[in-house]
Structure formats: C-alpha cells, structure tokens
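Enquirer: There's a structure below that I have some questions on.
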Amino acid sequence: MTPSLPDIKPVPIKERSSVVFLGRGELDVIDGAFVLVDKNGIRMQIPVGGLASLMLEPGSRVSHAAVTLASKVGCLLVFVGEGGVRLYSVGHPGGARSDRLLYQARLALDEESRLKVVKKMFSLRFGEDFSDAYSVEQLRGLEGVRVREGYRTIARDTGVIWNGRRYDPHSWGSADLPNRCLSTATASLYGICEAAVLAAGYSPSIGFLHTGKPLSFVYDIADLFKFETVVPAAFKTAALNPHEPEREVRYACRDLFRETHLLKRIIPTIEEVLAAGGISTPAPPDWVVPPAIPVDEEG
7 MTPSLPDIKP VPIKERSSVV FLGRGELDVI DGAFVLVDKN GIRMQIPVGG LASLMLEPGS
67 RVSHAAVTLA SKVGCLLVFV GEGGVRLYSV GHPGGARSDR LLYQARLALD EESRLKVVKK
127 MFSLRFGEDF SDAYSVEQLR GLEGVRVREG YRTIARDTGV IWNGRRYDPH SWGSADLPNR
187 CLSTATASLY GICEAAVLAA GYSPSIGFLH TGKPLSFVYD IADLFKFETV VPAAFKTAAL
247 NPHEPEREVR YACRDLFRET HLLKRIIPTI EEVLAAGGIS TPAPPDWVVP PAIPVDEEG
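Here it is, written out as structure tokens:
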C-alpha cells in the first residue's frame with residue numbers, strides 16, 4: 007500500500023521555474039521523491055514542487071501517486087506530442103476558485119466589460135490606448151497587420167527566410183523550419199500560461215478575444231507575451247539550423263522564461279487585464295450554503 011503523502015504548502019507560482027519536458031519513462035513517487043524512471047531502472051529526481059508545469063511527451067507513463075503529488079504541489083501535467091507540438095490533455099493542478107470563475111464569467115458575458123478587457127489586451131500588446139471609436143473587428147484587423155509585420159521584422163533581423171505562418175497540425179513534417187520552431191515555442195508558452203491561469207483561480211476556457219476552445223483564455227494571455235519572448239527565440243533557433251530544432255527551441259524557451267522571470271509577470275498581468283472590465287468580484291448571497299468540509303485557503 008502506498009503511504010499517504012504529507013500535507014504540502016505549494017510554492018507561489020511566481021517563484022517557480024517555468025516548464026520541463028519529460029518522456030520515455032515512468033513518473034512515480036519513490037521514497038517520497040517525484041522521479042522519472044527509465045527502462046533501465048535509473049531514477050531522475052524531478053523537483054515537481056518548484057515547477058509550474060511538466061510537459062509529458064510520448065513514452066510517458068504516470069502513476070497515481072505522481073498525479074496526486076503533482077496536484078498537491080500545484081504542478082500542471084500537460085500531455086503533449088513529440089517536441090510539444092500538440093496538446094492532448096491536461097491534468098488539473100487544483101488551483102481554480104469558484105469566486106474567480108464567476109468573476110471571469112461575468113466579465114465575459116457582459117458585452118461592455120468584455121470589450122474593455124479586449125481593448126486592454128490590445129493596449130498592452132501594442133503600447134497604445136485605443137479609443138472607443140475602434141470596434142473589435144477594426145482592432146483584429148490592426149492585429150493581423152502588426153503580427154505579420156512582427157514576423158517579417160524578426161525574420162529579417164535573424165536572417166531567416168520567412169514565407170508566412172503556415173503549418174498543418176496533422177502533418178508536422180510538412181512545415182518549414184521556422185514554422186516548426188514557432189509551433190514548438192508557442193506550445194511551451196501555452197503550458198506556463200495555463201499553469202498561471204489555473205494557479206490564479208481562473209478558467210482556461212473562458213476567453214475574451216478567443217472563444218469556443220478549451221484554452222481560449224490561455225491564448226488571450228499568451229498573446230500578450232508572445233512577441234517579446236518565444237517568437238524571437240524560435241527565429242534565433244531556426245537561424246542556427248540545428249539538427250534537432252524542436253529540442254533546441256524548448257531549451258531556448260526554458261532559459262528565456264527563467265532569465266526574464268516570466269512567471270512573476272503573468273498573474274499580475276491577468277489581474278490587470280480583467281480589472282479593466284470595471285466589475286468587482288461578486289460576493290455570494292447571504293443565504294448560500296457554505297462547504298460541508300471547509301478547505302484551508304493556504305492548503
């Protein structure tokens with residue numbers, strides 16, 4: 007029988023490392039440590055409590071004890087394709103809160119508040135205050151122009167031949183090198199953004215500009231950081247024409263996230279964006295029934 011795990015106080019998300027990719031081994035808890043065991047029985051200890059997310063590539067197997075410990079410490083388990091190029095499933099880290107979810111949903115359902123949040127996102131991305139005269143359609147048109155120009159500028163600065171953002175998710179090898187690097191880098195950014203969204207108590211699916219997808223809000227938040235972080239890293243890696251580009255991009259993103267302290271910025275940015283909607287977190291009515299088994303807020 008597996009001994010029960012002790013109560014653990016999670017490390018604040020802003021103090022963690024961002025993401026680690028693991029594959030071709032079994033994740034388990036052995037002698038109280040979170041480890042990856044390869045086919046030869048060699049253990050590699052993983053500091054799961056100090057990570058925002060673990061990207062589990064093909065060949066991974068996860069024990070019940072490992073999932074339990076990851077949940078206790080608030081580490082997001084993300085099941086991805088080779089090189090992180092596809093996202094198949096996500097293990098909930100246990101961070102969402104109903105009051106934050108209701109607040110997010112209320113903002114998304116109120117047309118005026120939602121528009122304010124979207125315009126705040128555009129303001130943070132492009133460094134401009136957009137007047138009320140701009141519609142969302144106009145802002146999205148402006149976004150498309152600036153994003154395409156951003157890709158062209160970074161490609162020119164890094165000496166990469168760029169023919170546009172084109173890839174087929176069902177045929178990974180058909181994309182050119184810059185697009186493969188971009189997709190890998192973007193997957194890394196989505197992983198830590200989703201971990202931050204959940205750690206802050208919000209839903210990854212309730213987006214504002216993006217909608218209708220399991221990660222709509224993650225896409226919203228990732229777009230705020232993409233062009234200052236993973237896009238340049240992807241093009242710089244592509245310029246080197248490495249033998250294993252996906253692996254090199256992952257390493258580049260990992261180092262970049264650590265050097266820029268990106269996790270310290272994501273949650274405050276989420277709060278800033280949502281606050282632009284002008285709605286306070288709703289208080290529960292006096293007549294509601296409290297939890298039958300109260301949970302420690304710091305647990």
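Numbered according to our numbering, the sequence shown spans residues 7 to 305. Built from N, CA and C at the ideal position, the CB exists for glycine as well. It should be emphasised that the depicted structure is a prediction, and the values quoted were computed from it without experimental measurement.
1) Measure the C-alpha to C-alpha separation of E303 and L145 and round it to an integer number of angstroms.
2) Just list the residues that DSSP pairs I36 with in beta bridges.
3) Closest Cβ-Cβ distance between R158 and chain B: below 9 Å?
4) Let's test the definition: count the other Cβ atoms within 10 Å of the Cβ of I167 and tell me whether it reaches 16, buried, or not, exposed.
5) What are the partner residues of S66, as DSSP defines its beta bridges?
6) Can you tell me whether E265 is buried or exposed, with buried defined as 16 or more other CB within 10 angstroms of its CB?
7) Applying the criterion that 16 or more other CB atoms from any shown protein chain within 10 Å of the CB defines a buried residue, is S95 buried or exposed?
8) Consider the C-beta atom of S24 and the heavy atoms of the ligand MN; say whether any pair is separated by less than 8 Å.
9) Based on the DSSP secondary-structure assignment, which residues constitute the bridge partners of Q51?
10) Since R30 contacts G65 with CB under 8 Å, what's their CB separation in whole angstroms?
11) Excluding five sequence neighbours on each side, which residues of the same chain lie with their C-beta closer than 8 Å to the C-beta of S199?
12) Confirm, please, whether the CB-CB distance from R120 to F241 is below 9 Å.
13) Using beta-carbon positions only, say whether A282 and V142 come within less than 9 Å of one another.
14) Can you tell me where the alpha helix (DSSP H) with I160 in it begins and where it stops?
15) Please name the residue in E254, Q110 and I52 whose C-alpha comes closest to that of S1.
16) Assuming P18 contacts V79 under a Cβ cut-off of 8 Å, what Cβ separation, rounded to an integer in Å, is found between them?
17) Helix, strand or coil, according to DSSP, for L115 in the structure here?
18) Quick one: what's got a C-beta closer than 7 Å to F136's C-beta in the same chain, skipping five residues either side?
19) So, using beta-carbon positions, are V84 and L62 closer together than 9 Å?
20) Return the bridge partner residues of M61 from the DSSP annotation.
21) To the nearest angstrom, report how far apart V279 and D37 are at their CA atoms.
22) Which first and last residues belong to the alpha helix (DSSP H) in which V295 is found?
Expert: According to the data block:
1) Confidence at E303 is low in this model, with a pLDDT of 48, below 50, so its placement is unreliable and the value that follows should be read with caution. So the two alpha carbons sit approximately 40 Å from each other.
2) I36 pairs with A39.
3) Going by chain labels, chain B is absent from the structure shown, which holds only one protein chain.
4) With fewer than 16 other Cβ atoms within 10 Å, it is exposed.
5) According to the DSSP secondary-structure assignment, S66 is paired through a beta bridge with G31.
6) E265 is exposed by the Cβ-count criterion.
7) Counting Cβ neighbours within 10 Å, S95 comes out exposed, since fewer than 16 surround it.
8) This structure simply doesn't include the ligand MN, nor any ligand for that matter.
9) In DSSP, Q51 forms a bridge with V41.
10) R30 to G65, Cβ: 4 Å. Contact.
11) It should be pointed out that residue 199 corresponds to Cys in this sequence rather than to Ser. So the list reads V224, I227, A228, F231 and I272, once near-sequence residues are dropped.
12) Their beta carbons are not under 9 Å apart, which means F241 does not touch R120 by this criterion.
13) No.
14) Looking at the DSSP string, the run of the alpha helix (DSSP H) that includes I160 is V142 to T164.
15) Only positions 7 to 305 of the chain appear in the structure, and residue 1 is not among them; the question remains open.
16) In fact, because the Cβ distance is near 12 Å, the residues do not count as touching under 8 Å.
17) Three-state result, L115: helix.
18) So the list reads K125, F128, S129 and L145, once near-sequence residues are dropped.
19) Between V84 and L62, the CB-CB gap stays under 9 Å.
20) Note: M61 sits in a beta bridge opposite F27 and V84.
21) Cα to Cα, V279 sits roughly 43 Å from D37.
22) Per DSSP, V295 belongs to no alpha helix (DSSP H) and is neither H nor E.
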